[in-house]
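Shown next, in structure tokens, is the structure this report addresses.
Numbering (my numbering), first residue to last: 967 to 1219.
So, in structure tokens, the structure goes:
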């Protein structure tokens, strides 16, 4: 890929590169014959992904510098508004919460059937009572997310709900793109009312909460150690009394 286009397209270390071998079916693009038809009547619902594939094919056949500029301009324009819709953050959280629950089924084979049944409206199930989402920044393509759940409190006997703190992490930016708070209610579908957490859930949740606290203490210590090491580097370089900034010299080039 020409250097200029590489700098435009790959400015944030994308996780995927422009395709060079994928085939794009040829389509004819023409204006609608009716003046009353909507302006988007002839647009393919896949037009955005098709644009990237079509430009990738052009690049694979070779383009001149002027065409490189044009391709970069097109890609930049299509990327500016390609942020993730805010509704998607809640969907990420919901999908991850289901996986979070299924992990308990895998780690607790004795109650596997009960954990799986929580995902169905047969008897005792889980219902999302509310979700609050705090958006940190708009993610744009290309990116991948990691969604993390943790119990906010240690559940006790008689509890009929629990709170989950959620972090949606952008892997490209290595920082949270959103944080959510989920309020989950335990519901008895047969009795049509809220229900206390079953004993097997309380036992596992208490165990999980204890592990969370241990991990929190351990990792907080690791972070403090890293910050201390960075501070030591600062004191040994720019923050020492005789420090002078090194601008280099012609002899170093």
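We treat Cβ as the ideally placed atom computed from N, Cα and C, and that holds for glycine.
Whose C-beta lies closer than 8 Å to the C-beta of residue 982 among residues of the same chain, with five residues either side of it excluded? Low confidence applies here, because residue 982 scores a pLDDT of 42, under 50, leaving its location unreliable; read the following figure in that light. The beta carbon of residue 982 is closer than 8 Å to those of 1108 in its chain, skipping five residues each way along the sequence.
Which whole-angstrom value describes the C-beta separation of residue 1063 and residue 1148, a residue pair presumed to lie in contact below a C-beta threshold of 8 Å? 7 Å
What does DSSP give as the partner residues of residue 1126 in its beta bridges? Residue 1126 pairs with nothing; no bridge assigned.
Taking C-beta to C-beta, are residue 1131 and residue 1118 nearer than 8 Å? yes
What residue from 1078, 1050 and 1032 has the CA that sits closest to residue 1166's CA? The candidate whose alpha carbon is nearest that of residue 1166 is 1078.
So what does residue 1025 bridge to, in DSSP terms? Per DSSP, residue 1025 has no beta-bridge partner at all.
Alpha carbon to alpha carbon, how far is residue 1170 from residue 1051? Distance between residue 1170 and residue 1051, taken at the CA atoms: about 35 Å.
Among residues of its own chain, excluding the 5 on either side of residue 1196, which ones have a beta-carbon nearer than 7 Å to its beta-carbon? none
CB-CB length for residue 1089 against residue 1155, believed under 8 Å: 6 Å
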